[in-house]
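Here is the structure we will look at, set down as structure tokens.
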Amino acid sequence: MSLVVGTILWVVGGTALVGIVAWMVDRSTARQERQGIARKD
Amino acid sequence: MDLTHIHLLLNHFPTVGYIIGGGLFLLSLIARSDDLKRAGLVVLLGISLIAIPTYMSGNGAQDAIKSLPGVSKSMIETHEGAALVAFGFMEFTGVFAWLGLWQFRRLGRVPNWNLAVIVVLTLVSLGLMTRASNLGGEIRHAEIRADSSGQSQGTVTPEGALARTVGDFVTNTPWMWPTCETLHFVGLSLLVGVVFLVDLRVLGVMRGVSFAYLHRLLPWAALGFGLNVVTGILFFVGIPGQYTKNPTFYWKVALVMLAGANALYFTILDEPWSLGSGEDAPLTAKIAAGSAMLLWVGVMYCGSMLPFLGNSF
Numbered sequence: 625m626s627l628v629v630g631t632i633l634w635v636v637g638g639t640a641l642v643g644i645v646a647w648m649v650d651r652s653t654a655r656q657e658r659q660g661i662a663r664k665d
Numbered sequence: 010m011d012l013t014h015i016h017l018l019l020n021h022f023p024t025v026g027y028i029i030g031g032g033l034f035l036l037s038l039i040a041r042s043d044d045l046k047r048a049g050l051v052v053l054l055g056i057s058l059i060a061i062p063t064y065m066s067g068n069g070a071q072d073a074i075k076s077l078p079g080v081s082k083s084m085i086e087t088h089e090g091a092a093l094v095a096f097g098f099m100e101f102t103g104v105f106a107w108l109g110l111w112q113f114r115r116l117g118r119v120p121n122w123n124l125a126v127i128v129v130l131t132l133v134s135l136g137l138m139t140r141a142s143n144l145g146g147e148i149r150h151a152e153i154r155a156d157s158s159g160q161s162q163g164t165v166t167p168e169g170a171l172a173r174t175v176g177d178f179v180t181n182t183p184w185m186w187p188t189c190e191t192l193h194f195v196g197l198s199l200l201v202g203v204v205f206l207v208d209l210r211v212l213g214v215m216r217g218v219s220f221a222y223l224h225r226l227l228p229w230a231a232l233g234f235g236l237n238v239v240t241g242i243l244f245f246v247g248i249p250g251q252y253t254k255n256p257t258f259y260w261k262v263a264l265v266m267l268a269g270a271n272a273l274y275f276t277i278l279d280e281p282w283s284l285g286s287g288e289d290a291p292l293t294a295k296i297a298a299g300s301a302m303l304l305w306v307g308v309m310y311c312g313s314m315l316p317f318l319g320n321s322f
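Chains as they are written, first to last, in our numbering: chain U, 625 to 665; chain X, 10 to 322.
Have a look at this one:
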């Protein structure tokens with residue numbers, strides 16, 4: 625794999641992975657916070 | 010004092026610290042105590058941070074003893090490989106321990122899935138680190154080797170060449186180093202972007218925003234930090250001498266430790282958490298926010314200046 629193609633693919637892949645994990649944590653937190661509020665109601 | 014002293018000073022912390030932190034955490038599950046749970050998670054996170062200089066100073070200690078009579082190169086490499094695997098698991102444990110503390114602050118509890126992950130990772134990390142410690146001890150203590158006559162060169166394990174294999178892959182693969190550099194900056198941008206937002210709010214900017222809103226962004230910063238630890242370790246394993254012989258790098262690691270400890274203040278304590286919309290933060294929170302900004306600027310300065318200070322690049 626050449627320097628340019630390899631770098632672009634792995635940087636995009638690595639950044640996307642971090643973004644997906646962070647997004648999943650955020651969605652999960654939002655869901656649990658909503659459930660917590662609903663339980664209180 | 011040099012890296013050998015630092016390695017000898019720190020190398021018992023990961024094993025003993027994980028016994029204490031893991032013990033507190035397991036006890037908290039049995040006793041159903043939230044305070045014990047938080048204490049255990051703080052210890053696990055702190056030890057995961059201390060594991061960074063513990064692992065890195067090992068390379069300096071290696072340079073100091075590798076030429077001494079009776080010291081086996083293969084035993085050093087076996088210890089290095091085992092330590093790298095244990096260190097990786099410890100950092101994963103630290104990430105989930107931090108997430109548990111953050112979840113506790115936000116949700117009032119740690120979800121069951123994360124409790125299970127932390128228990129498993131803690132036990133695996135402890136086992137791996139105990140083994141790495143034992144292999145490290147065997148380097149200079151013939152009396153604890155399987156063959157205590159001293160004739161043996163110690164236990165040779167499959168991961169003996171692991172650190173060198175990873176290091177060679179990082180330095181010999183054309184796209185690996187530039188990829189790690191780019192991801193290191195992506196991680197830095199995530200981390201500093203979120204941390205500065207939080208710190209500026211505490212210092213009085215954007216007073217209409219409550220701290221709890223910004224607190225929700227902290228996992229993005231933690232992921233940025235995690236990305237930087239992974240890529241930073243890959244740089245280090247690639248060319249260890251470039252870092253172990255550079256005092257600017259020692260400063261960078263020390264500042265990262267302090268900044269990591271500072272981040273706990275904003276993750277778990279009540280004082281910043283209770284900062285509502287339109288409210289002014291107390292002085293201690295402002296001091297913590299100001300020092301966090303200085304620490305992270307210091308980390309960035311030391312990181313950027315590595316090729317220019319210390320003559321090791």
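The beta carbon of each residue, even a glycine, is placed where N, CA and C say it ideally should be.
Under 8 Å between C-beta atoms of residue i and residue j
i      : j      : result
X:E168 : X:V94  : yes
X:A231 : X:V204 : no
X:I127 : X:G109 : yes
X:G196 : X:G233 : yes
X:A60  : X:P23  : yes
X:A221 : X:E86  : no
X:V246 : X:V308 : no
X:T191 : U:V635 : yes
X:T240 : U:T631 : no
X:N237 : X:L200 : yes
X:A91  : X:D208 : no
X:N121 : X:F105 : no
X:L137 : X:F194 : no
X:W282 : X:H224 : yes
Distance between residue j and residue i (C-alpha atoms, nearest Å)
i      : j      : result
X:L264 : X:Y252 : 15 Å
X:I242 : X:A151 : 31 Å
U:V628 : X:F258 : 29 Å
X:N271 : X:S300 : 8 Å
U:L641 : U:S626 : 22 Å
X:F101 : X:D44  : 23 Å
X:S198 : X:G69  : 30 Å
X:R41  : U:Q656 : 21 Å
X:M266 : X:S76  : 32 Å
U:R651 : X:R114 : 17 Å
X:I15  : X:R216 : 44 Å
X:R140 : X:R210 : 45 Å
U:A646 : X:L54  : 19 Å
X:S313 : X:K261 : 10 Å
X:I29  : X:E288 : 39 Å
Residue burial classification, residue i (beta-carbon count within 10 angstroms, cutoff 16)
i      : result
X:L17  : exposed
X:K46  : buried
X:M10  : exposed
X:N320 : exposed
X:F322 : exposed
X:S286 : exposed
X:A125 : exposed
Heavy atom of the ligand FAD within 7 Å of residue i beta-carbon
i     : result
X:H14 : As far as ligands go, the structure on display features none, and thus does not contain the ligand FAD.
Residue span of the alpha helix (DSSP H) that contains residue i, given as start and end
i      : result
X:M266 : 256-277
X:K75  : Neither: X:K75 is in no alpha helix (DSSP H) and is coded neither H nor E.
X:S83  : 82-116
X:V119 : Per DSSP, X:V119 belongs to no alpha helix (DSSP H) and is neither H nor E.
X:S198 : 185-212
Min CB distance residue i to chain B below 8 Å
i      : result
X:T188 : Among the protein chains of the structure shown, namely U and X, there is no chain B.
field: Validate contact between the segment 291-301 of chain X and the segment 263-279 of chain X using beta carbons, cut 8 Å, 3 pairs
entry: yes
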